[in-house]
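Numbering (our numbering), first residue to last: 2 to 188.
Below: one structure, written as structure tokens.
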């Protein structure tokens with residue numbers, strides 16, 4: 002696996018607002034891959050997680066990627082957002098700038114992945130309700146329908162795209178264009 006792919010998996014694991022499976026991480030990092038390419042990307046992410054066994058593991062029963070020690074992810078997340086502030090020499094300043102820039106790039110990539118997933122997968126009455134005017138509290142089997150019809154990656158994308166946009170280096174005009182294009186394409 003490339004260093005870029007390894008770092009992306011580490012950074013995504015460190016920056017995600019909730020736990021994700023290796024498949025969902027792959028879907029967010031590589032949202033436009035389909036069929037055989039998608040399966041290869043998923044295998045790649047799983048291989049990366051396995052190769053980082055001293056830092057990460059896949060939780061039995063849920064398939065969530067977890068850190069063996071939260072301090073590792075906190076350290077990586079801190080490096081990404083604040084840089085190496087504990088270093089005071091010029092190389093530390095450069096490392097801090099690179100680290101902060103990398104964090105913004107990862108969030109931009111995740112923002113883009115979220116938008117691709119939402120544009121591809123969202124549709125009217127996605128849970129196939131008998132009556133789309135029902136309130137959530139009036140749908141007796143809503144959690145089962147959500148699990149059946151809304152992928153983990155789509156649930157994450159719809160919930161956290163704004164957070165990734167806020168923390169990204171995406172140009173305001175570019176992001177506005179993406180949002181408008183998305184709103185105009187809703188099925």
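A virtual CB, placed ideally from N, CA and C, is assigned to each residue, including glycine.
Have a look at residue i and residue j and give me their C-alpha separation to the nearest angstrom.
{"i": "residue 15", "j": "residue 102", "result": "15 angstroms"}
{"i": "residue 33", "j": "residue 117", "result": "7 angstroms"}
{"i": "residue 156", "j": "residue 142", "result": "17 angstroms"}
{"i": "residue 115", "j": "residue 44", "result": "20 angstroms"}
{"i": "residue 148", "j": "residue 128", "result": "9 angstroms"}
{"i": "residue 181", "j": "residue 55", "result": "43 angstroms"}
{"i": "residue 11", "j": "residue 132", "result": "42 angstroms"}
{"i": "residue 84", "j": "residue 68", "result": "Since pLDDT at residue 84 reaches only 48, below the 50 mark, its modelled position is unreliable, and no value is offered."}
{"i": "residue 59", "j": "residue 51", "result": "8 angstroms"}
{"i": "residue 139", "j": "residue 57", "result": "40 angstroms"}
{"i": "residue 178", "j": "residue 110", "result": "16 angstroms"}
Please list, in chain order, all residues of the same chain as residue i whose beta carbon is under 7 angstroms from its beta carbon, the five residues on each side excluded.
{"i": "residue 18", "result": "161, 164"}
{"i": "residue 176", "result": "166"}
{"i": "residue 6", "result": "45, 49"}
Per DSSP, residue i forms a beta bridge with which residues?
{"i": "residue 57", "result": "68"}
{"i": "residue 22", "result": "65"}
Once you ignore the five residues that flank residue i on each side, which residues in its own chain have a CB closer than 8 angstroms to its CB?
{"i": "residue 183", "result": "116, 119, 120"}
{"i": "residue 126", "result": "133"}
Within a Cβ cutoff of 6 angstroms, which residues of the same chain sit near residue i, ignoring the five residues on either side of it in sequence?
{"i": "residue 26", "result": "13, 46"}
{"i": "residue 42", "result": "27, 31, 34"}
{"i": "residue 64", "result": "22"}
Original post:
Within the chosen definition, does the stretch 103-110 reach the stretch 157-176 through at least 3 CB pairs nearer than 8 angstroms?
Top reply: Short answer: they touch.
Subject >> Contiguous alpha helix (DSSP H) assignments of at least 4 residues, all confined to the stretch 98-156 >> reply: For the stretch 98-156, whole alpha helix (DSSP H) runs of length 4 or above, ordered along the chain, are 143-150.
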